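Enquirer: Using my numbering, the first residue of the sequence shown is number 5, and each one after it goes up by one.
Ideal Cβ placement from N, Cα and C applies to all residues, glycine included.
Since the model is a prediction, treat every value here as computed from it, not as a measurement.
I have a structure I would like to understand better, so I am pasting it below and will then ask my questions one at a time.
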Amino acid sequence: MTQIFGDFIAEVPTSEEYLIIGFSPSSMPLKQRWRNNGLSADFIADYFTTFFPGDPAPDKPISMKAEVKSAVSFIANELLENAMKFSDETSQYPVTIQLNLKSNNMVFWVTNSISSQQVEKLQTFIEDLTLNDPNDLFIRRLEEPSEGESGLGLLTMVNDYQAKLGWKFETVQTDPLTIAVTTMVQLKI
C-alpha cells in the first residue's frame, strides 16, 4: 500500500546532476551514525556548490554558492538526522539520501524504514503542518516540551527556505512488515 502526503512528486524529471548516498544498517546500527550526519551533509553541500558561481552579485553581500551550500548542508543534515533517528531498528532496510539539481530546482529525497507507531506520529505531524500556518506551528512546537520529535527542522525548511515538503509511505515487505517513508524536499534556487 502506498500513501502520498504534501507536495510529493512521484515522477521527477531526470537530472544531469545528482548524488545518491546509502547507509546500510548491517555494518553499524543507524542510530549510532548520528555523528556522521553533519559530515555527510557537508559533503553533499560541497559537491553541489561546484555548480554555482562563487562571487557575490554586486547587490548581494553573500554569493549564491555560499547560500546554496548553507541551505543544502542544513536540509541534508536534518533529513539524515530524522532518517537515522526514526529508522525501524528491527529492519535491515537502508537509509538513502538523494539530491537532484535541475535548472533552478533542487530536490532532496531521503528514504528509511519506519515502525508503524512512528508512521502514526509522522502522519499526525504532517496533518498538523497542512492545517496550520507553518510560522505559528513553529512557535507552538518551540514552546512545547518534546522528546526529540518537535519537527522544528522540517518547519525551518518551510519557514526559512520556502521549501515544499512531501512524503510517500509504502509497504516494501510484508513478512516481516517493513514500511518505508520517503521525505521529499523541493527547494527553488
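1) Out of A184, K172, K106, point me to the one whose CA is closest to A14's CA.
2) Taking 8 Å as the cut-off, does the segment 79-90 touch the segment 138-150 (at least 3 CB pairs, one atom from each stretch)?
3) On the CB-based measure, 16 or more other CB atoms within 10 Å of its CB, does E131 come out buried or exposed?
4) Is it a yes or a no for the segment 109-124 touching the segment 178-189, going by three-plus beta-carbon pairs under 8 Å?
5) How would you call F52, buried or exposed, if buried means at least 16 neighbouring beta carbons within 10 angstroms?
6) Have a look at P29, Q96, F129, F55 and flag the residue whose alpha-carbon is nearest the alpha-carbon of I193.
7) Quick one: what's G155 bridged to in DSSP?
8) Count the other CB atoms, across all protein chains shown, that sit within 10 Å of the CB of L126; report buried if there are 16 or more and exposed otherwise.
9) Enumerate in chain order the residues of its own chain whose CB-to-CB distance from T175 is below 6 Å, with the five nearest sequence positions on each side excluded.
10) Strictly by DSSP, which residues pair up with I8?
11) Pick helix, strand or coil for I193, following the three-state DSSP scheme.
12) Given a threshold of 16 other Cβ atoms within 10 Å of its Cβ, counted over all protein chains shown, does I24 qualify as buried or as exposed?
13) Which residues in the same chain have their Cβ closer than 6 Å to the Cβ of S119, if we skip the five residues on either side of it in sequence?
14) Which residue's Cα is closest to the Cα of P98: F90, S117, L105?
15) Would you tell me roughly how many angstroms separate the C-alpha atoms of E20 and K106, rounded to the nearest one?
16) Pull up the distance between the alpha-carbon of E153 and that of L159, whole angstroms please.
17) For S77, does the count of other Cβ atoms within 10 angstroms reach 16, so buried, or fall short, so exposed?
Expert: On the basis of the coordinates in this document:
1) K172
2) no
3) exposed
4) yes
5) buried
6) F55
7) None; G155 has no bridge partner.
8) buried
9) M5, I183
10) K172
11) coil
12) exposed
13) D92
14) S117
15) 7 Å
16) 12 Å
17) buried
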